[in-house]
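Participant: One structure, pasted below without further comment.
Residue numbers (the numbering used here): 3 to 407.
Right, dumping it as structure tokens:
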């Protein structure tokens, strides 16, 4: 057993030295798998015992994902300078403002002789220069060259020459075509001197989907057990605060359009649906969602529950029943789904989630198109590592209470 484990650790160490620990696919998982397999072997478990093997794979995969997530969480954001046309740089900087892994520290603008010059500080809300060497002065890690405007092959050539003596790396962004594709799905290739990107299919592999479902059930059971005393206390508070039941049940639409009953702590008065018609003129949803910042139907206890997201704890029951996932798109109402177009209906390709990109990116402050875009980005790019990152960011989103009402 010791010899087997040692061989695994040495192999993993060599791989991590070449490519970086946990950056190489499967490095950490391989080491853990070999170590645990040595333990199982010492217990006399043969290779024909499927149960322990499946358990081993699940444990080591989950541990690897957790380690990768914690490593990423501890890393400082990458300091990036955006280079390109002013309008493209401004648009990209705005889109990257919510990213936790990147900090945009400046912009290098490529002049366009065909356009009338304008004050750059009115276009790009960043330190701006037309000299690429400014990226070194701003202590950037990477310059990202954005296509568009006057940017061409010679632009990249000049950028490389100017930064040749610096430690700043240079990256070229694909035109916005790949914005909605997760990096785990993209591979690069060449045809002659022309690079291209190969995009893998959006559906997660069967093993990932199976492991995600298993982890949902296990984590849901553990969390529900821990939350049970809190739920009992909150249910009592809801009953004492306003007349009506403590829990609220509502039909939502799940994976592949299947309806299910979702559970929440009641945060509104019992006549909320009747009152809705009289306040429809105040709708701020800007889409198929019905949202009011100061909704008069919300009770006193309900406002606290919504700000802290504690009203959603009963949805752990839906997770245990396999109707929801811990992470996924926002569970939609049937009348919302009836108004979906073909693109938005893609949200129904996965189970809705207790939390998701929508919750960690602004919640109710988001517009309809932003919410749909985030949900589709998640739906087409499901990974266990991303789920872990969203769960960790959910803690910060809930404690900040931003966008919760």
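Idealized CB from N, CA, C, for every residue including glycine.
Tell me, which residues are paired with residue 253 by DSSP?
Facilitator: Translated into the one-based positions of the chain shown, residue 253 becomes position 251. In the DSSP output, where bridge partners are listed per residue, residue 253 has 263.
Participant: With a Cβ-Cβ cutoff of 7 Å, do residue 195 and residue 264 count as a contact?
Facilitator: Taking the chain shown and counting its residues from 1, the one referred to as residue 195 is at position 193. Taking the chain shown and counting its residues from 1, the one referred to as residue 264 is at position 262. Taking 7 Å as the Cβ cut-off, residue 195 and residue 264 do not qualify as a contacting pair.
Participant: With DSSP run on the structure shown, which of helix, strand or coil describes residue 192?
Facilitator: Counted from its first residue, the chain shown places residue 192 at position 190. The answer is strand: DSSP assigns residue 192 an E or B state.
Participant: Could you round the C-beta distance between residue 400 and residue 311 to whole angstroms and report it? I think they count as a contact, below 8 Å.
Facilitator: Residue mapping note: residue 400 aligns to position 398 of the chain shown, counting from 1. Residue mapping note: residue 311 aligns to position 309 of the chain shown, counting from 1. So it is a contact: roughly 5 Å between Cβ atoms.
Participant: Exposed or buried, residue 159, counting other C-beta atoms within 10 Å across all chains shown (16 or more means buried)?
Facilitator: Residue 159 sits at position 157 when you count from the first residue of the chain shown. Burial call: exposed.
Participant: Residue 294 by DSSP, collapsed to three states: which one?
Facilitator: Counting from one through the chain shown, the residue named residue 294 turns up at place 292. Reduced to three states, the DSSP call for residue 294 is coil.
Participant: Relative to the C-alpha of residue 353, which candidate in 256, 144, 89, 91 has its C-alpha closest?
Facilitator: Within the chain shown, residue 353 is the residue found at index 351, counting from 1. The candidate whose alpha carbon is nearest that of residue 353 is 256.
Participant: Would the region 373–388 and the region 204–223 be scored as touching if the rule is three or more Cβ pairs under 8 Å?
Facilitator: Because the criterion of three Cβ pairs below 8 Å is met, the region 373–388 and the region 204–223 touch.
Participant: Would DSSP call residue 430 helix, strand or coil?
Facilitator: Because the chain spans 3 through 407 in this model, residue 430 falls outside it and cannot be assessed.
Participant: Taking C-beta to C-beta, are residue 105 and residue 141 nearer than 7 Å?
Facilitator: In the chain shown, counting from the first residue as 1, residue 105 sits at position 103. In the chain shown, counting from the first residue as 1, residue 141 sits at position 139. No. Outside cutoff.
Participant: Does DSSP put residue 37 in a helix, in a strand, or in coil?
Facilitator: Mapped onto the chain shown, residue 37 falls at position 35. With a pLDDT of 47 at residue 37, under the threshold of 50, the modelled position of that residue is not reliable, and the figure given next carries that caveat. Three-state DSSP puts residue 37 in a helix.
Participant: Comparing alpha-carbon positions, which option in 300, 269, 266 lies nearest residue 281?
Facilitator: For the purposes of this step, residue 281 is taken as the residue at position 279 of the chain shown. Nearest C-alpha to residue 281: 300.
Participant: Could you confirm whether any beta carbon from chain D is found closer than 7 Å to the beta carbon of residue 222?
Facilitator: Although the question refers to chain D, the structure presented lacks it and comprises just one protein chain.
Participant: First and last residue of the alpha helix (DSSP H) that includes residue 309?
Facilitator: Counting from one through the chain shown, the residue named residue 309 turns up at place 307. Counting along the chain, the alpha helix (DSSP H) containing residue 309 begins and ends at 302–310.
Participant: Which runs of the beta strand (DSSP E) spanning at least 3 residues fall entirely within the region 318–403, listed in chain order?
Facilitator: The qualifying runs are 327–329, 355–357.
Participant: Compute the beta-carbon to beta-carbon distance between residue 79 and residue 103, rounded to the nearest angstrom, for a pair I have assumed lies under 8 Å.
Facilitator: Indexing the chain shown from 1 puts residue 79 at position 77. Indexing the chain shown from 1 puts residue 103 at position 101. Residue 79 to residue 103, Cβ: 6 Å. Contact.
Participant: Are there 16 or more other CB atoms within 10 angstroms of the CB of residue 349, so buried, or fewer, so exposed?
Facilitator: For this step, residue 349 is matched to residue 347 along the chain shown. By the neighbour-count rule (16 or more Cβ atoms within 10 Å), residue 349 is buried.
Participant: Indicate whether residue 376 and residue 359 have their beta-carbon atoms separated by less than 7 Å.
Facilitator: By 1-based counting over the chain shown, the position of residue 376 is 374. By 1-based counting over the chain shown, the position of residue 359 is 357. Yes; because the gap between Cβ atoms is below 7 Å, this pair is in contact.
Participant: Using the C-alpha atoms, what's the distance from residue 163 back to residue 192?
Facilitator: Here the question's residue 192 lines up with position 190 in the chain shown. Here the question's residue 163 lines up with position 161 in the chain shown. Cα-Cα distance, rounded: 23 Å.
Participant: Would you mind giving the Cβ-Cβ distance between residue 144 and residue 170, rounded to the nearest angstrom? I have them listed as a contact below 8 Å.
Facilitator: Here residue 144 corresponds to residue number 142 of the chain shown, with the count starting at 1. Here residue 170 corresponds to residue number 168 of the chain shown, with the count starting at 1. 7 Å between Cβ atoms; contact.
Participant: For residue 322, which residues from the same chain have a beta carbon less than 7 Å from its beta carbon, with the 5 sequence-adjacent residues on both sides left out?
Facilitator: In the chain shown, residue 322 corresponds to position 320, counting from 1. Correct list, in chain order: 219, 222, 223, 226.
Participant: For residue 397, which residues from the same chain have a beta carbon less than 6 Å from its beta carbon, with the 5 sequence-adjacent residues on both sides left out?
Facilitator: Locating residue 397 in the chain shown gives position 395, counting from the first residue. For residue 397, where only same-chain residues beyond five positions count, there are no Cβ hits under 6 Å.
Participant: What runs of the alpha helix (DSSP H), each 4 residues or longer, lie entirely inside the region 135–189?
Facilitator: If we require 4 residues or more, the alpha helix (DSSP H) runs fully inside the region 135–189 come out as 136–139, 155–164.
Participant: Would you check if the distance between the CB atom of residue 94 and the CB atom of residue 148 is smaller than 7 Å?
Facilitator: Numbered from its first residue, the chain shown carries residue 94 at position 92. Numbered from its first residue, the chain shown carries residue 148 at position 146. Result yes, Cβ atoms of residue 94 and residue 148 sit closer than 7 Å.
Participant: What residues in its chain sit with their C-beta under 6 Å from that of residue 272, if we drop five residues either side in the sequence?
Facilitator: By one-based count along the chain shown, residue 272 stands at place 270. Contacts found: 246.
Participant: Name, in chain order, the residues that DSSP records as bridge partners for residue 91.
Facilitator: Here the question's residue 91 lines up with position 89 in the chain shown. Per DSSP, none; premise fails for residue 91.
Participant: Can you tell me whether DSSP reads residue 81 as helix, strand or coil?
Facilitator: Sequence index remark: in the chain shown, residue 81 carries index 79 (1-based). DSSP places residue 81 in strand when its eight states are reduced to three.
Participant: Pick out whichever of 250, 96, 167 has its Cα sitting closest to the Cα of residue 136.
Facilitator: Here residue 136 refers to the residue found at position 134 when the chain shown is read from its first residue. Of the listed residues, the one whose Cα sits closest to residue 136 is 167.
Participant: If distances are taken between C-alpha atoms only, which option among 374, 181, 199, 89 comes closest to residue 152?
Facilitator: Here residue 152 refers to the residue found at position 150 when the chain shown is read from its first residue. That would be 89, whose Cα lies nearest to the Cα of residue 152.
Participant: Which of helix, strand or coil does DSSP assign to residue 246?
Facilitator: Start at 1 with the first residue of the chain shown, and residue 246 comes out as number 244. The answer is coil: DSSP assigns residue 246 none of H, G, I, E or B.
Participant: Can you grab the Cα-Cα spacing for the pair residue 45 / residue 109, in whole Å?
Facilitator: For this step, residue 45 is matched to residue 43 along the chain shown. For this step, residue 109 is matched to residue 107 along the chain shown. In this predicted model, residue 45 has a pLDDT of only 46, less than 50, meaning its place in the structure is not dependable enough to derive any value.
Participant: Who does residue 110 pair with in a DSSP beta bridge?
Facilitator: Numbered from 1 along the chain shown, position 108 holds the residue referred to as residue 110. According to DSSP, which records beta bridges pairwise, residue 110 is partnered with 85, 131.
Participant: Which of the three DSSP states, helix, strand or coil, is assigned to residue 199?
Facilitator: Against the chain shown, residue 199 aligns to sequence position 197. Of the three classes helix, strand and coil, the one that applies to residue 199 here is strand, per DSSP.
Participant: Inspect the beta-carbon positions of residue 134 and residue 165 and report whether they are closer than 7 Å.
Facilitator: Position 132 of the chain shown, counted from the first residue, corresponds to residue 134. Position 163 of the chain shown, counted from the first residue, corresponds to residue 165. It is a contact, given that the beta carbons lie within the stated cut-off.
Participant: Given a threshold of 16 other Cβ atoms within 10 Å of its Cβ, counted over all protein chains shown, does residue 304 qualify as buried or as exposed?
Facilitator: Your numbering for residue 304 matches position 302 in the chain shown. Result: buried.
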